[in-house]
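Under numbering that gives the first Met the number 0, the first residue of the sequence shown carries the number 0, and numbering increases by one thereafter.
For reference, the structure discussed in these notes is given below.
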Amino acid sequence: MKMIAVLSKKGGVGKTLLSMGLAQTLTAQGKHAVVIDHDPEGSAIGWRFNAEENGRELPYQVLAPVDVVAAAAAEYVVVDTPPNDIGTLQQVATRADYIVIPVLPGSGEIDRLQETMRAIAAVQERLKAGVHIGFVLNRMEHNNLAAAMPEVMDNLNYPVIAQIGRSVDYQRAFGSVVPQHLTTPFTQILEEFEIL
Ligand SMILES: Nc1ncnc2c1ncn2[C@@H]1O[C@H](COP(=O)(O)OP(=O)(O)O)[C@@H](O)[C@H]1O
Ligand SMILES: [Mg+2]
């Protein structure tokens, strides 16, 4: 079992969207993938409930952290994490084989990202050997601020492995599968990690 952790101390950056999108994409590629919802707010589990209520069951399981048996049977476990919970962030980071960190465009966002990076640096020696860490720019728009982000990230030595555009269709994907034409960034992340 390989663990993909989606982490950020900041809320609203797209952790849950990325977790669901990655599990969906892995599943579409024939991998046995599940999501573990580590957020007490339960937005990933809420996503699943919403899907079931609407008769559109998701093609992958969304589990609570206690469902260790079901998770152990999966090839890939994607862990969605809560905001503002350094303890959980660090605990999940040290168990991960791959870490995905979503970032929004904006200078204030970089400051917030540094908080996440300090939390990870504090457990650096406990990270798995060879852990892959990739950054994903989310809610990208066609403006100068967004256009400057990849270079800013590069200069900080934070490799951007994919970009996700801002689209109301991502918002509407809650409680459903992400429309096929919006899944390219998830595939890109998995290819960058050499999972696909
Ligand atoms: N690329 C995007 N375009 C439009 N809305 C987005 C995008 N990514 C996330 N959102 C929306 O932003 C909100 C926060 O995303 P979410 O994945 O729940 O973040 P987190 O789990 O980090 O709190 C949700 O309403 C989600 O639908
Ligand atoms: Mg979330």
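Here a beta-carbon is modelled for each residue, glycine too, at the ideal position from N, C-alpha and C.
I'd like to confirm something about D79: is its beta-carbon nearer than 7 Å to some heavy atom of ligand 2, or not?
Translated into positions along the sequence shown, residue 79 becomes position 80. At least one heavy atom of ligand 2 is nearer than 7 Å to the Cβ of D79, so yes.
Host beta strand (DSSP E) of K1 (start-end):
Translated into positions along the sequence shown, residue 1 becomes position 2. First-last of the beta strand (DSSP E) with K1: 1-5.
For E51 and V177, what's the separation of their Cα atoms in angstroms?
In the sequence shown, the residue the question calls residue 51 occupies position 52. In the sequence shown, the residue the question calls residue 177 occupies position 178. Looking at the two C-alpha atoms, the distance is approximately 15 Å.
How about A70 and L62: are their beta carbons less than 8 Å apart?
Locating residue 70 in the sequence shown gives position 71, counting from the first residue. Locating residue 62 in the sequence shown gives position 63, counting from the first residue. Against a cut-off of 8 Å, the Cβ pair of L62 and A70 comes out as a contact.
Going by the C-beta, is T15 closer than 7 Å to any heavy atom of ligand 2?
Locating residue 15 in the sequence shown gives position 16, counting from the first residue. In this structure, T15 has its CB closer than 7 Å to one or more heavy atoms of ligand 2.
As a quick exercise: from K30, G20, W46, I100, pick the residue whose alpha carbon is nearest that of G10.
Walking along the sequence shown from the start, residue 10 turns up at place 11. Closest option to G10, Cα to Cα, is I100.
Quick one: is V67 buried, meaning 16 or more other Cβ sit within 10 Å of its Cβ, or exposed?
Residue 67 sits at position 68 when you count from the first residue of the sequence shown. The residue is exposed, with fewer than 16 neighbouring Cβ atoms inside 10 Å.
Contact between the stretch 166-177 and the stretch 0-10 (3+ Cβ pairs under 8 Å):
Counting Cβ pairs under 8 Å, fewer than three are found: no touch.
Can you tell me where the alpha helix (DSSP H) with A22 in it begins and where it stops?
Here the question's residue 22 lines up with position 23 in the sequence shown. That run of the alpha helix (DSSP H) goes 14-27.
Do D84 and ligand 2 come close, with the Cβ less than 7 Å from some heavy atom?
Numbered from its first residue, the sequence shown carries residue 84 at position 85. No, Cβ of D84 sits at least 7 Å from all heavy atoms of ligand 2.
Can you tell me whether DSSP reads N137 as helix, strand or coil?
As a working note, residue 137 is residue 138 in the sequence shown. If DSSP states are grouped into helix, strand and coil, N137 belongs with the strands.
Determine the direct distance from the alpha carbon of F134 to that of V159, and round the result to whole angstroms.
Walking along the sequence shown from the start, residue 159 turns up at place 160. Walking along the sequence shown from the start, residue 134 turns up at place 135. Straight-line Cα distance between these residues: approximately 5 Å.
Euclidean distance between Cα positions of A92 and L155
Here the question's residue 92 lines up with position 93 in the sequence shown. Here the question's residue 155 lines up with position 156 in the sequence shown. One alpha carbon belongs to A92, the other to L155, and they sit about 20 Å apart.
Would you check if the stretch 101-108 and the stretch 126-146 touch, i.e. whether three or more CB-CB distances between them fall below 8 Å?
Result yes; three or more Cβ-Cβ pairs closer than 8 Å.
If we count the other Cβ atoms within 10 Å of its Cβ and call it buried at 16 or more, is H180 buried or exposed?
Here residue 180 is taken as the residue at index 181 of the sequence shown, counted from 1. Counting Cβ neighbours within 10 Å, H180 comes out exposed, since fewer than 16 surround it.
Quick one: is the Cβ of V12 within less than 7 Å of any heavy atom of ligand 1?
Sequence index remark: in the sequence shown, residue 12 carries index 13 (1-based). Taking 7 Å as the cut-off, the C-beta of V12 counts as close to a heavy atom of ligand 1.
Selected residue, minimal CA-CA separation from K1, among M116, Y75, Q162:
Against the sequence shown, residue 1 aligns to sequence position 2. It is Y75 whose Cα lies nearest to the Cα of K1.
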